[in-house]
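So this note's numbering is basically just the index in the first sequence, starting at one, shifted up by 716.
For glycine and all other residues, C-beta sits at the position ideal for the given N, C-alpha and C.
Fair warning: this is a prediction, and the values are worked out from it, not measured in the lab.
Below is one structure, written out as structure tokens; comments come after it.
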Amino acid sequence: MKYTKVKNNFFQDSTPEVAKNLLGKILVRVFKGQILAGKIVETEAYLDDNDLASHSAIGMTERNKVMFGEPGLAYVYFTYGMHYCFNVVTGEKGKGSAVLIRALEPIEGIELMKKFRNKSDIVNLTNGPAKLCQALKIDKKFNGVDLKTSPDLFIAESISNSTFEIVRTTRIGIEKSKDLPLRFYIKENKFVSKK
DNA sequence: TTATGGATCTTCT
DNA sequence: GAAGATCCATAAA
């Protein structure tokens with residue numbers, strides 16, 4: 717296999733730590749034998765404590781229960797009547813914390829991504845949480861899937877050892893807990909959704 | 001180039 | 001019945 721999955725304990729660290737460590741890693745999706753892969757360039761942490769913007773802040777519900785599951789699960793939710801967003805469950809089981817993947821840099825399967833997105837410009841393929849779900853055909857079927865064992869959706873180690881600068885700032889697209897510095901992205905990367 | 005509003009539907013109150 | 005971890009087309013400047 718060209719892509720090597722990250723270790724099982726990768727997801728157990730504190731949520732901001734995992735959010736930071738996810739930068740540069742590869743999100744791999746296998747669709748009907750074809751590989752769709754992208755480098756993770758932007759993430760946001762959603763905590764279990766003192767974070768009103770997190771879905772888990774209201775306690776466990778039918779919608780967010782996956783967030784309270786074991787680290788390494790995929791939490792995929794539907795929002796705004798038309799969009800999916802993809803998260804990775806982190807930290808301790810039962811707490812309710814996760815990392816939202818906000819943007820990717822396409823690596824492989826770009827033609828298929830263009831087809832799914834109905835767009836031709838590469839930058840617009842995966843530079844947003846709902847866009848990357850559309851490009852990789854991630855929908856609610858993946859909610860609760862274990863990224864540690866799933867053959868068709870997982871996180872892989874970085875391909876090159878190239879270093880990059882990480883920017884840490886406040887999250888976007890939310891109304892509560894806006895002041896928490898829980899958004900991470902790769903500096904100077906044009907696939908980041910917003911500066 | 002920035003601002004604004006519409007799409008569209010699940011979940012929770 | 002209201003809001004939402006968004007995106008896109010269109011309008012205004």
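Residue from Phe784, Leu841, Leu789 with nearest C-alpha to Lys811:
The residue labelled residue 811 in the question sits at position 95 within the first sequence. Among Phe784, Leu841, Leu789, the Cα nearest to that of Lys811 is on Phe784.
Counting only the same chain and skipping the five closest in sequence on each side, list residues whose C-beta sits under 7 Å from that of His799.
What you label residue 799 is simply residue 83 of the first sequence in a count that begins at 1. Answer for His799: Ala846, listed in chain order.
Could you work out which residue in Lys721, Tyr901, Phe880, Asn905 is closest to Gly788 when comparing CA atoms only?
Locating residue 788 in the first sequence gives position 72, counting from the first residue. Answer by Cα proximity: Lys721.
Can the beta-carbon of Leu816 be found less than 8 Å from the beta-carbon of Tyr762?
Within the first sequence, residue 816 is the residue found at index 100, counting from 1. Within the first sequence, residue 762 is the residue found at index 46, counting from 1. For Leu816 and Tyr762, yes; Cβs fall inside 8 Å.
Go through its chain and collect everything with a Cβ distance to Arg884's Cβ below 6 Å, but skip five positions before and after it.
Position 168 of the first sequence, counted from the start, is the residue given in the question as residue 884. Excluding positions up to five away in sequence, the list reads Pro897, Phe900.
Would Asp764 and Ser813 qualify as a contact pair, given that the criterion is a beta-carbon distance under 8 Å?
Stepping through the first sequence from its first residue, residue 764 is reached at position 48. Stepping through the first sequence from its first residue, residue 813 is reached at position 97. A contact, by the Cβ cut-off of 8 Å.
Do you know how far the Cα of Lys894 is from the Cα of Lys830?
Taking the first sequence and counting its residues from 1, the one referred to as residue 830 is at position 114. Taking the first sequence and counting its residues from 1, the one referred to as residue 894 is at position 178. Using only the alpha carbons, I get a separation of about 33 Å.
CB Lys741 to CB Ile756, shorter than 8 Å?
Sequence index remark: in the first sequence, residue 741 carries index 25 (1-based). Sequence index remark: in the first sequence, residue 756 carries index 40 (1-based). Taking 8 Å as the Cβ cut-off, Lys741 and Ile756 qualify as a contacting pair.
Nearest neighbour of Val744, chosen from Ile888, Phe870, Tyr793 [CA to CA]
Mapped onto the first sequence, residue 744 falls at position 28. Minimum Cα distance to Val744 is reached at Phe870.
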